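Adding 66 to a residue's 1-based position in the sequence shown gives its number in our numbering. We put the CB at the ideal spot given by N, CA and C, even for glycine. Since the structure is predicted, the reported quantities are computational estimates derived from the model, not experimental observations. Have a look at the structure below, then the notes.
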Amino acid sequence: MNDNVLELHDVRKTFTVDKNLMGRGTRHVTAVAGVSLSLRPGRTLGLVGESGSGKSTLGRLALRLDAPTNGHVMFDGKEITSLRGAALRALRRQMQVVFQDPYSSFDPMATVGSSVAEPLRTHQLLPRSAHQDRVAELLATVGLQPSHGQRYPQELSGGQLQRVAIARALACGPKLLVLDEPVSALDVSTQADVINLLTDLQRDRHVAYLFIAHDLAVVRHVSHEIAVMYLGQVVEYGAAEEVYTRPRHPYTQALLSAIPVADPVVQRARERIELKGEIPSPANPPQGCRFHTRCAHVMEICRTVEPEEYVGPVGVMARCHLHTHGPQLAGRSVTDLPMPQSESSSGRA
Ligand SMILES: Nc1ncnc2c1ncn2[C@@H]1O[C@H](COP(=O)(O)OP(=O)(O)OP(=O)(O)O)[C@@H](O)[C@H]1O
Ligand code: SF4
Ligand SMILES: [Mg+2]
């Protein structure tokens with residue numbers, strides 16, 4: 067039996083945008099270029115990549131806030147790719163989102179208690195007389211007092227307001243939360259508090275998280291699995307521990323090398339892999355491997371032939387010719403070898 071809460075099958079999203087301010091001509095931007103992922107109940111999939119790699123677009127497709135151009139979205143075993151109207155609205159209570167900037171997620175004119183009650187009003191799950199108690203209960207769940215519910219968003223700190231956003235997302239008992247950079251706008255100590263809160267909530271409620279972040283450090287301690295995105299494609303995907311300790315794709319290696327390691331000996335031994343230049347535009351992606359313009363291992367084949375998804379012996383997928391056509395050492399590709407400078411993993415997988 068299929069027990070995934072979310073499945074994306076070869077999902078694509080192409081936006082058509084005006085070429086100039088006069089609206090003359092159009093161009094196509096493929097933000098998501100064929101992504102397949104799955105997520106089980108109570109698990110966290112960390113989705114990482116640089117700005118513009120298509121993470122938020124993928125999150126919106128998973129929530130069906132946008133419809134894919136191609137491919138299939140399955141939620142709780144049901145095809146929801148073309149769902150519309152009342153059926154889609156009914157599903158929304160089971161899938162919620164928390165965004166990066168809590169201040170832009172709330173109506174500044176409404177008390178936060180009223181905002182937390184908003185999904186209860188929309189989905190009419192409880193009689194109105196029960197809303198106040200439910201809001202107090204939700205605020206307590208995220209470590210706030212009932213009195214916080216009477217305040218306005220601008221009267222709370224960023225960390226407190228992000229807790230309120232989580233309370234609102236939990237109001238209707240969702241099965242899936244898309245967390246789109248939920249701690250990026252917070253200071254470091256508050257980030258840790260919110261991440262610990264999310265971990266506790268998942269343990270108690272068995273909710274699945276699609277956790278979007280720019281860098282691997284943020285998702286490291288919360289993710290069971292990691293998907294690394296580059297220019298609309300997932301280039302590496304597998305158990306968090308494997309991806310952290312033996313990254314297969316040169317892009318993942320570069321992202322990981324930028325994370326400071328607590329152990330100074332490991333840190334000194336570690337080679338910093340500079341990512342040259344900017345991520346190219348998805349309106350005009352490079353031919354062959356999309357990463358070839360910035361890759362330190364680029365080979366001739368990379369400039370013309372797009373690498374296929376290759377799943378290695380322990381189930382990690384990497385989209386890179388090094389694993390199929392590339393240099394081999396003792397029968398194993400060079401990137402499949404253990405990296406001596408890697409820190410031992412503390413991923414949750
Ligand atoms: N509605 C839209 N119309 C046109 N292009 C879009 C639209 N939404 C996203 N894009 C483009 O798709 C690409 C991916 O955008 P997306 O916001 O998904 O990236 P991201 O990985 O979330 O980036 P960030 O880390 O900055 O949030 C970008 O080039 C963006 O300009
Ligand atoms: S396919 Fe080639 S260019 Fe792309 S990541 Fe692998 S080695 Fe680098
Ligand atoms: Mg984004």
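Per DSSP, reduced to three states, the secondary structure at residue 259 is helical. Boundaries of the beta strand (DSSP E) around residue 163: 161-164. In the DSSP assignment, residue 93 falls within the beta strand (DSSP E) that extends over 92-105. Beyond the five residues adjoining it in sequence on each side, residue 358 comes within less than 7 Å, by CB distance, of 352, 364, 368, 369 in the same chain, given in chain order. Between ligand 3 and the CB of residue 246, the shortest heavy atom gap is smaller than 8 Å. In this structure, the straight-line span from the alpha carbon of residue 135 to that of residue 242 is close to 22 Å. With a cut-off of 8 Å, the C-beta of residue 241 is classified as distant from ligand 1, since no heavy atom of the ligand falls inside that distance. Look at residue 292 here: in three-state DSSP terms it is strand. Here residue 243 is bridged, per DSSP, to 162, 275.
Sorted by chain position, residues whose beta-carbon lies closer than 5 Å to a non-hydrogen atom of ligand 2 are 316, 355, 357, 358, 361, 363, 364, 368, 373, 386, 387, 388.
Pairing residue 103 with residue 76, the inter-Cα distance amounts to about 9 Å. Distance from the CA atom of residue 293 to the CA atom of residue 262, rounded to whole angstroms, is 21 Å. Between ligand 3 and the CB of residue 79, the shortest heavy atom gap is not smaller than 8 Å. Spatial neighbours of residue 295 in its own chain (CB-CB distance under 8 Å, excluding positions within 5 residues in sequence) are listed in chain order as 101, 113, 114, 115, 119, 120, 121, 124, 301. Residue 170 has its CB no nearer than 8 Å to any heavy atom of ligand 3. For residue 231, the closest of 79, 264, 344 by C-alpha to C-alpha distance is 264. Counting only residues whose CB is nearer than 6 Å to a non-hydrogen atom of ligand 1, the list in chain order is 81, 83, 95, 97, 115, 117, 118, 119, 120, 121, 122, 123, 280, 348. For residue 161, the closest of 189, 169, 178, 175 by C-alpha to C-alpha distance is 189. For residue 146, the shortest C-beta to heavy atom distance toward ligand 3 is 8 Å or greater. Segment contact: the stretch 158-174 against the stretch 235-252, three or more CB-CB distances shorter than 8 Å; contact assigned. Residue 267 sits away from residue 322, with the two beta carbons spaced by 9 Å or more. Scanning 130, 257, 375 for the CA closest to the CA of residue 157 turns up 130. One Cα belongs to residue 81, the other to residue 202, and the distance between them is close to 42 Å. In this structure, residue 325 has its CB at a distance of at least 8 Å from all heavy atoms of ligand 3.
In the three-state DSSP reduction, residue 374 falls in the coil class, being neither helix nor strand.
Runs of the alpha helix (DSSP H) lying entirely within the stretch 308-356 and spanning at least 4 residues, in chain order: 316-323, 330-335. DSSP places residue 226 in the uninterrupted alpha helix (DSSP H) bounded by 224-236.
With a beta-carbon spacing of about 6 Å, residue 177 and residue 215 fall inside the 8 Å limit used to define contacts.
Taking every protein chain shown into account, the CB of residue 94 has fewer than 16 other CB atoms within 10 angstroms, so this residue is exposed.
Taken through DSSP and simplified to helix, strand or coil, residue 145 comes out as strand. Cβ neighbours of residue 140 within its own chain (closer than 6 Å, five residues either side excluded): 73. A straight line joining the alpha-carbon of residue 319 with that of residue 330 spans about 19 Å.
Using a 10 angstroms sphere on the CB of residue 309, the tally of other CB atoms reaches 16 or more, which defines it as buried. In the three-state scheme derived from DSSP, where H, G and I count as helix and E and B as strand, residue 118 is classed as coil.
Taking a contact as a CB-CB distance under 8 Å, the pair residue 209 and residue 229 counts as one, their CB atoms being some 6 Å apart.
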